[in-house]
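**Q** One structure, as structure tokens, below. Some questions next.
Protein chains: 2
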Amino acid sequence: MPDKQLVPDVPASELRFDPVSQGWVVIATGRAKKPEQFVKPKEESHGVGEEDPCFFCDLKTQLPPKLLKGEGDNWKIAVVPNKYPAFTCCFSLDEQEIGPYKKINGLGFHEVVITRDHQKHIGQFTVEEVKELVDVYQERYLELMKEKFINYISIFHNHGYAAGASVAHPHSQIIATPVIDPGLSDSLDGSEKYFHQHERCIHCDMIAEDLKDGRRIIFENEKFVALCPFASKVAFEMRIYPKEHHAFFEQLGNEEKAQFAEALSAAMKMIDAALQDPPYNFFIHTAPCNGKEYEHYHWHWECFPKTSVWAGFELSTGIEISVIEPEKAAEFLRSKREDRF
Amino acid sequence: MPDKQLVPDVPASELRFDPVSQGWVVIATGRAKKPEQFVKPKEESHGVGEEDPCFFCDLKTQLPPKLLKGEGDNWKIAVVPNKYPAFTCCFSLDEQEIGPYKKINGLGFHEVVITRDHQKHIGQFTVEEVKELVDVYQERYLELMKEKFINYISIFHNHGYAAGASVAHPHSQIIATPVIDPGLSDSLDGSEKYFHQHERCIHCDMIAEDLKDGRRIIFENEKFVALCPFASKVAFEMRIYPKEHHAFFEQLGNEEKAQFAEALSAAMKMIDAALQDPPYNFFIHTAPCNGKEYEHYHWHWECFPKTSVWAGFELSTGIEISVIEPEKAAEFLRSKREDRF
Chain A
1223 MPDKQLVPDV PASELRFDPV SQGWVVIATG RAKKPEQFVK PKEESHGVGE EDPCFFCDLK
1283 TQLPPKLLKG EGDNWKIAVV PNKYPAFTCC FSLDEQEIGP YKKINGLGFH EVVITRDHQK
1343 HIGQFTVEEV KELVDVYQER YLELMKEKFI NYISIFHNHG YAAGASVAHP HSQIIATPVI
1403 DPGLSDSLDG SEKYFHQHER CIHCDMIAED LKDGRRIIFE NEKFVALCPF ASKVAFEMRI
1463 YPKEHHAFFE QLGNEEKAQF AEALSAAMKM IDAALQDPPY NFFIHTAPCN GKEYEHYHWH
1523 WECFPKTSVW AGFELSTGIE ISVIEPEKAA EFLRSKREDR F
Chain B
1223 MPDKQLVPDV PASELRFDPV SQGWVVIATG RAKKPEQFVK PKEESHGVGE EDPCFFCDLK
1283 TQLPPKLLKG EGDNWKIAVV PNKYPAFTCC FSLDEQEIGP YKKINGLGFH EVVITRDHQK
1343 HIGQFTVEEV KELVDVYQER YLELMKEKFI NYISIFHNHG YAAGASVAHP HSQIIATPVI
1403 DPGLSDSLDG SEKYFHQHER CIHCDMIAED LKDGRRIIFE NEKFVALCPF ASKVAFEMRI
1463 YPKEHHAFFE QLGNEEKAQF AEALSAAMKM IDAALQDPPY NFFIHTAPCN GKEYEHYHWH
1523 WECFPKTSVW AGFELSTGIE ISVIEPEKAA EFLRSKREDR F
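Just so you know, the protein sequences line up as chains A and B, in that order.
First residue of the first sequence? That's 1223 in our numbering, and the numbers climb one at a time after it.
First residue of the second sequence? That's 1223 in our numbering, and the numbers climb one at a time after it.
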């Protein structure tokens, strides 16, 4: 393990397996609270500037960066280990069976990607700045996937307190894990099933249908298309697909990254204008890095604006209820494009 | 269809199938908003009494009740069709294929179970009042499952605005649908797999382990056990299982319902005392009512207090991060029991 994280004060988390749903949960005691501290919900505070001083602005108080773009005080993007990691890598994989249950220690990596400006979120970035961020995502992905025990890497970004961002300073996160949850494998399996039945990629067929229909498209350039998906789980959900079939995000070439950054920037500017800087989560869905082929999979980017609450029905059945057609959401987003169609 | 709902002003919702995840979403345009209305998140308002007048208190303005316990102005529990139903039953099942996509109309039932007192939520009910509510759940379940096109019935309760309750007056909901989402079928499949491998019910084995261990148990009577699950997805998650193996909630006998009500009442009082009336969602997980046997399944009740936000990592991987061990959460809940262990 060449790239150990030193997080001496933080106990290792553990992953517990649910033998019924076949899903995993992480019990991350590193950021544990006393039971009493769950009593008061924190106040809604979506915005920037509330930390004083912001510990992402002052990187000296942080663990040594894994990656730094720019020099000294002029750094532009920094990658540091998460202070309260859900996954750490200072030990070997340890599996324990307890009756019908199973748990493993939280082996993996949990990194934070920090952009320099405390006030400037991605919707305010230039396309070039978005491209630099995508470069960093890819660079760290390629580094972390070298570890043999890593099978999946999730790159995600939480914006706004209501979307789970506990620190206001804009940052993305990268979590690399040994496990693949049914939440992901259902989609991998669905893609594979369709591929074997039709000898075509389901994502390619969806993109072709969406381009033909036109109503759900919000942005398009030569290599990428941004759209509101046909089966949107939440209002104003957005995705970006490479038009060309490709399973692996990390294999993006430089020109493709530039075009992806252009699409990502356009989508972020539209959602910001349409919903006036809403809280959101975005992430990259890419094939696992476990050495398998995944010719049936097609990587893409997804964004869930926090437009609704997952309540009892969603939690109990997995079926989401959305109150606006994606076609209407897309129409509204397009109307906010600076350069219009 | 003997039991038609009359909702003349509300357009039928539609269910869209995601061919990748194999999951369903409901596009419920009945409660559609204009795109502009998604701009401002509603203010956090968790509490009671803010509607004036409350349309659940004044049932005369509602659609005619499906069921009424008590008489006239002295009614205690009423069941009415949801004013903005995600599912309605005034038509036959219509499936449409659009390229790689599929959609069906939102055929089904969506009912609201209203208890009389605007100010009194379930944690404040007597055991007898909880029992009356469980009676009504069962009565409506047995009625709705008669419809041939209904394959799953979800009974759930949202408490507090942060948990998705848009009306403050205490109420539960019942949704009956033709579809079963992977969110549910993963757990049905997991139970079945274990049953075939071990010739035992996975839930029975989990209950036996939990009772042996003791640390996660929060309440127990002769026929039911309440606990914080080993692989809790959120802090202070609670479940209630019948100790005896049984797949179907709706087959509960009267004495069992009384004991279930006692366990449910105890759990609600503990969580109220521990987290000071937190927002939460609870629901019943029971075997589908599609005529199959489900000998491997074991019905139960689950409660998710709103102690965290599902953010980018959870949305992208399906893996939840919890920051307190269920053993510690259970200890804290037990310390709040009125009659203590």
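A virtual CB, placed ideally from N, CA and C, is assigned to each residue, including glycine.
Model, not experiment: these values are computed from the prediction.
According to DSSP, is asparagine 1304(A) helix, strand or coil?
**A** Looking up residue 1304(A) in the first sequence gives position 82. Reduced to three states, the DSSP call for asparagine 1304(A) is coil.
**Q** To the nearest angstrom, how far is it from the Cα of glutamate 1431(B) to the Cα of glycine 1321(A)?
**A** Here residue 1431(B) refers to the residue found at position 209 of the second sequence. Here residue 1321(A) refers to the residue found at position 99 of the first sequence. Going by the C-alpha atoms only, they are around 6 Å apart.
**Q** Measuring only between beta-carbons, confirm whether glutamine 1244(A) sits less than 7 Å from chain B.
**A** Your numbering for residue 1244(A) matches position 22 in the first sequence. Chain B, which has a Cβ nearer than 7 Å to the Cβ of glutamine 1244(A), makes this yes.
**Q** Taking just the CA atoms, how far does phenylalanine 1378(A) sit from glutamine 1583(A)?
**A** As displayed, chain A neither begins before 1223 nor continues past 1563, which places residue 1583(A) out of reach and without an answer.
**Q** Within the 7 Å Cβ cut-off, does arginine 1559(B) reach chain A?
**A** Position 337 of the second sequence, counting from 1, holds the residue named residue 1559(B). Chain A contact via Cβ: absent.
**Q** For asparagine 1380(A), I'd like the list of residues in its chain whose CB is within less than 7 Å of its CB, leaving aside the five on either flank, ordered along the chain.
**A** Here the question's residue 1380(A) lines up with position 158 in the first sequence. Around asparagine 1380(A): Gly1386, Ala1387 and Asn1503.
**Q** Between alanine 1308(B) and leucine 1449(B), how many whole angstroms is the CB-CB distance? I'm expecting something under 8 Å.
**A** On the second sequence, position 86 is the one that residue 1308(B) refers to. On the second sequence, position 227 is the one that residue 1449(B) refers to. About 31 Å separates the two Cβ atoms, so there is no contact after all.
**Q** Report all residues from its chain with a CB closer than 6 Å to the CB of isoleucine 1424(B); omit the five preceding and five following residues, and keep chain order.
**A** As a working note, residue 1424(B) is residue 202 in the second sequence. Closer than 6 Å at the Cβ level, and outside the excluded window around isoleucine 1424(B), lie Ser1413 and Tyr1416.
**Q** Exposed or buried, leucine 1280(B), counting other C-beta atoms within 10 Å across all chains shown (16 or more means buried)?
**A** Here the question's residue 1280(B) lines up with position 58 in the second sequence. As written in the sequence, residue 1280(B) is aspartate, which differs from the leucine given in the question. By the 10 Å Cβ count, aspartate 1280(B) comes out exposed.
**Q** Just checking: is the beta-carbon of phenylalanine 1452(A) within a distance shorter than 7 Å of some beta-carbon in chain B?
**A** The sequence position of residue 1452(A) within the first sequence is 230, counting from 1. So, interface residue.
**Q** Any idea what DSSP makes of valine 1389(A), helix, strand or coil?
**A** Taking the first sequence and counting its residues from 1, one reaches residue 1389(A) at position 167. Correct three-state label for valine 1389(A): coil.
**Q** Take serine 1487(B) and list the residues in its own chain whose beta-carbon comes closer than 7 Å to its own, dropping the five residues that flank it on each side.
**A** In the second sequence, residue 1487(B) corresponds to position 265, counting from 1. So the list reads Phe1347, Val1349 and Val1352, once near-sequence residues are dropped.
**Q** Which one of Asp1240(A), Ile1402(A), His1467(A) and Gln1318(A) has the shortest CA to CA distance from phenylalanine 1371(A)?
**A** Here residue 1371(A) refers to the residue found at position 149 when the first sequence is read from its first residue. Taking only the C-alpha atoms, the option nearest phenylalanine 1371(A) is Ile1402(A).
**Q** Tell me whether the region 1231–1247 of chain A and the region 1465–1476 of chain B touch, counting them as touching only if at least three CB pairs, one residue from each stretch, are closer than 8 Å.
**A** Verdict: no, contact absent.
**Q** Taking 7 Å as the threshold (beta carbon to beta carbon), is tyrosine 1463(A) in contact with chain B?
**A** If you number the first sequence from 1, residue 1463(A) lands on position 241. So, not an interface residue.
**Q** Classify glutamine 1498(A) as buried or exposed, calling it buried when 16 or more other Cβ atoms lie within 10 Å of its own Cβ.
**A** Translated into positions along the first sequence, residue 1498(A) becomes position 276. Burial call: exposed.
**Q** So, for lysine 1324(A): in the same chain, excluding its five sequence neighbours on each side, which residues have a beta-carbon less than 8 Å away from its beta-carbon?
**A** As a first step, residue 1324(A) must be located in the first sequence, where it is residue number 102. Contacts found: Arg1238, Phe1239, Pro1241, Glu1317 and Gln1318.
**Q** For histidine 1418(B), count neighbouring C-beta atoms within 10 Å of its own C-beta (all shown protein chains included) and say buried if the count is 16 or more, exposed if not.
**A** Along the second sequence, one-based indexing puts residue 1418(B) at 196. That one is exposed.
**Q** Could you please give me the residues that DSSP links to glutamine 1395(B) through a beta bridge?
**A** The sequence position of residue 1395(B) within the second sequence is 173, counting from 1. According to DSSP, glutamine 1395(B) bridges with Val1334(B) and Phe1378(B).
**Q** Does the region 1393–1408 of chain A touch the region 1300–1314 of chain B, meaning 3 or more C-beta pairs lie closer than 8 Å?
**A** No: fewer than three Cβ pairs fall under 8 Å.
**Q** In chain A, which residues lie with their C-beta within 7 Å of the C-beta of glutamine 1498(B)?
**A** Residue mapping note: residue 1498(B) aligns to position 276 of the second sequence, counting from 1. Those are Val1261, listed as they occur along chain A.
**Q** Along the chain, where does the beta strand (DSSP E) that runs through alanine 1448(B) open and close?
**A** By one-based count along the second sequence, residue 1448(B) stands at place 226. Alanine 1448(B) -> beta strand (DSSP E) spans 1446–1449.
**Q** For glutamine 1558(A), which residues of its own chain have a beta-carbon under 6 Å away from its beta-carbon, when the five flanking residues on both sides are left out?
**A** Looking up residue 1558(A) in the first sequence gives position 336. Reading the sequence as shown, one finds lysine at residue 1558(A) and not glutamine. Contacts found: Met1492, Ala1495 and Ala1496.
**Q** Less than 6 Å between C-beta atoms, sequence neighbours within five positions excluded: which residues of the same chain meet that for tyrosine 1463(B)?
**A** The residue labelled residue 1463(B) in the question sits at position 241 within the second sequence. Only Ile1429, Val1447 and His1522 meet the Cβ criterion.
**Q** Does any residue of chain A bring its CB to less than 7 Å from the CB of glycine 1382(B)?
**A** Locating residue 1382(B) in the second sequence gives position 160, counting from the first residue. Closer than 7 Å: no.
**Q** Could you name the residues of the same chain whose beta carbon sits closer than 6 Å to that of tyrosine 1374(B), not counting the 5 residues immediately before and after it, in chain order?
**A** Taking the first residue of the second sequence as 1, we reach residue 1374(B) at position 152. Contacts found: Thr1399, Ile1402 and Pro1510.
**Q** Near isoleucine 1336(A), which residues of its chain fall below 8 Å by C-beta distance, leaving aside the five closest residues on each side in sequence?
**A** The sequence position of residue 1336(A) within the first sequence is 114, counting from 1. Counting only Cβ-Cβ distances below 8 Å, and skipping sequence neighbours, we find Phe1278, Leu1281, Ile1299, Ala1300, Val1301, Val1302, His1391, Pro1392 and His1393.
**Q** According to DSSP, is phenylalanine 1535(A) helix, strand or coil?
**A** Your numbering for residue 1535(A) matches position 313 in the first sequence. Helix.
**Q** Among Tyr1359(A), Glu1369(A), Lys1291(A) and Glu1361(A), which one has its Cα closest to the Cα of leucine 1329(A)?
**A** Start at 1 with the first residue of the first sequence, and residue 1329(A) comes out as number 107. It is Glu1369(A) whose Cα lies nearest to the Cα of leucine 1329(A).
**Q** If you measure beta-carbon to beta-carbon, which residues of the region 1361–1379 of chain A are closer than 9 Å to chain B?
**A** Cβ contacts with chain B come from Tyr1374, Ser1376, Ile1377, Phe1378 and His1379.
**Q** Taking C-beta pairs closer than 7 Å, name the residues in chain B that arginine 1238(A) reaches, listed in chain order.
**A** Numbered from 1 along the first sequence, position 16 holds the residue referred to as residue 1238(A). Chain B residues near arginine 1238(A): Phe1452 and Ala1453.
**Q** What does lysine 1325(A) pair with, by DSSP beta-bridge criteria?
**A** Stepping through the first sequence from its first residue, residue 1325(A) is reached at position 103. DSSP, once it has assigned bridges, lists Arg1238(A) and Gln1318(A) as partnering lysine 1325(A).
**Q** I think valine 1568(A) touches isoleucine 1543(B), with their Cβ atoms under 8 Å apart; what is that distance to the nearest whole Å?
**A** For residue 1568(A) there is no data in the structure shown, the boundaries of chain A being 1223 and 1563.
**Q** Where glutamate 1466(A) and aspartate 1427(A) are concerned, what is the direct C-alpha to C-alpha distance, given to the nearest angstrom?
**A** Indexing the first sequence from 1 puts residue 1466(A) at position 244. Indexing the first sequence from 1 puts residue 1427(A) at position 205. Rounded to the nearest angstrom, the two C-alpha atoms are 11 Å apart.
**Q** Is any beta-carbon of chain B found at less than 7 Å from that of glutamate 1466(A)?
**A** In the first sequence, counting from the first residue as 1, residue 1466(A) sits at position 244. Not closer than 7 Å to any Cβ of chain B, the Cβ of glutamate 1466(A) fails to qualify, so no.
**Q** In the DSSP assignment, find the beta strand (DSSP E) that holds tryptophan 1442(B) and state where it starts and stops.
**A** By 1-based counting over the second sequence, the position of residue 1442(B) is 220. The displayed chain sequence assigns glutamate, not tryptophan, to residue 1442(B). Where glutamate 1442(B) is concerned, the enclosing beta strand (DSSP E) stretches over 1439–1442.
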